Amino acid sequence: MDIMVEYFKKITKTSYVFLYFVDRPTTSRTFSMQQDVKLTLLSEAINGAIHELNQPLTMMNFAAEALTLLAEHKPDSLLNDLRRIAEQIRNGAKRHHEILEYLRSLIQNNVVPQTLNLNETIKHTLQLLHSRLSAKQCIVKTMLNAPNPILQVKVSQLNLLIFTMIFSALNGVEKNANADDADRVQPEILFKTLQRKKTIELRCECTKSRSRHAIPPAPIDKTYAELMRSLAQHLGAAISFSLNTSRFRTTISIKFPYFSE
20 MDIMVEYFKK ITKTSYVFLY FVDRPTTSRT FSMQQDVKLT LLSEAINGAI
70 HELNQPLTMM NFAAEALTLL AEHKPDSLLN DLRRIAEQIR NGAKRHHEIL
120 EYLRSLIQNN VVPQTLNLNE TIKHTLQLLH SRLSAKQCIV KTMLNAPNPI
170 LQVKVSQLNL LIFTMIFSAL NGVEKNANAD DADRVQPEIL FKTLQRKKTI
220 ELRCECTKSR SRHAIPPAPI DKTYAELMRS LAQHLGAAIS FSLNTSRFRT
270 TISIKFPYFS E
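In our numbering, each number is its position in the sequence shown, counted from 1, plus 19.
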C-alpha cells in the first residue's frame, strides 16, 4: 500500500480522495469536497499510475533478458553474479506487474458493481489499515454478526467509505484528547454488521474509554460527514447514512439493501 501511495504522489497532486485517508488521514484540511470531481480524480490518478508504470516494467524485463544473454558470454567468475542480478530484476518486474494488476482492478471495481460479502470486505480493509491504526495505538474490534451480508456495490468506493468511517471517528476522539488523557486511555473502534430481512447495517462505534475518566468525542468533522454522505450516494440511492455523537461514543451507521441473486 505504501508503494502505491508513493506512485499516486508522483502521478498527481490533486487526487486527495485516496491520499487523504491512506497517507494523511487526520491532518490536512485543504480537501476539496466538490461532489462531481472527487471520484473522477481517483480514477484519473490510477489511470496515470498505470501509464507511468508500464514503461519501467518493459525496461525491467528487457534488462533481465539482456543480462542473461550477457552472462552466457562472460567468464565463470561473473556468471553467477550476472544471473543473480537478472533474477532480482525479474522478481522486481513480477512485483511491479502485481501492482499494475491491482491498480487495474481498482479502476474496474470503481466502475462495475460487484457482489461481495461485507464481513470479508471489512476484514480485508482493516488489514490494509493495520499499521496506520497501530501507530495511533488504536484498538480495533469486530462483531460481524450478519450471517450472510451480501451486497452489490462498487468495491473501491466501499473501501473508501470504510476508511472514512474509521478516521472520522478517530478524528472526533483526538480532538477532545489532552496530554494526560493520551497516556491513560486508547481509542477503541468497534465494527458491527447486523442483518435484517431486507437490509444490512454496517456500524462503526468509536470511544475513548469505557472508564469513568472517559471524555466525550467531538462531533464528526463536516468534511468527513459530507464525504461519507457523498460516497453512500454513489454506492446506491437506496443506501442510508447516519451518525450520532453521544457522551462517550461516536456511532456511524450505513444501511444497505440486501442483495438477493
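Idealized CB from N, CA, C, for every residue including glycine. Bear in mind the structure is a predicted one, so any value in this text is a computation, not a measurement.
Cβ separation of Ala251 and Leu180, assumed to be a contact under 8 angstroms, to the nearest whole Å
7 angstroms
State the DSSP-derived secondary structure class of Asn136, mapped to helix, strand or coil.
strand
According to DSSP, is Gln171 part of a helix, a strand, or is it coil?
strand
Quick one: what's got a C-beta closer than 6 angstroms to Ser259's C-beta in the same chain, skipping five residues either side?
Taken in chain order, the residues that qualify are Lys274.
With H, G and I counted as helix, E and B as strand and the rest as coil, what does DSSP make of Lys160?
In the three-state DSSP reduction, Lys160 falls in the strand class (E or B).
Looking at Pro206 and Leu189, is the spacing between their C-beta atoms short of 7 angstroms?
yes
Verify whether the separation of the beta carbon atoms of Cys225 and Thr269 is less than 7 angstroms.
yes
For Leu222, list the residues DSSP reports as bridge partners.
As written in the sequence, residue 222 is Arg, which differs from the Leu given in the question. For Arg222, which the question treats as bridged, DSSP gives the partners Lys211, Ser272.
Reduced DSSP category for Asn263 - H, G, I as helix; E, B as strand; rest coil:
In this structure, Asn263 counts as strand in the three-state DSSP scheme.
Per DSSP, what kind of secondary structure is Glu245 in: helix, strand or coil?
helix
Residue of Val159, Leu254, Pro168, Lys113 minimising C-alpha distance to Leu209
Val159
On the DSSP letters alone, give me the boundaries of the alpha helix (DSSP H) that Ala154 sits inside.
149 to 154
Quick one, which of Ala244, Ile185, Asn167, Val172 has its alpha-carbon nearest Lys216's?
Asn167
Whole angstroms are fine: how far does the CA of Glu117 sit from the CA of Phe27?
Confidence at Phe27 is low in this model, with a pLDDT of 43, below 50, so its placement is unreliable and the value that follows should be read with caution. Those two C-alpha atoms are separated by around 16 angstroms.
Express the C-alpha separation of Ser187 and Thr45 in angstroms, rounding to a whole number.
In this prediction, Thr45 scores a pLDDT of 37, lower than 50, which makes its location untrustworthy; the coordinate-derived value is nonetheless stated afterwards. Distance between the alpha carbons of Thr45 and Ser187 is about 8 angstroms.
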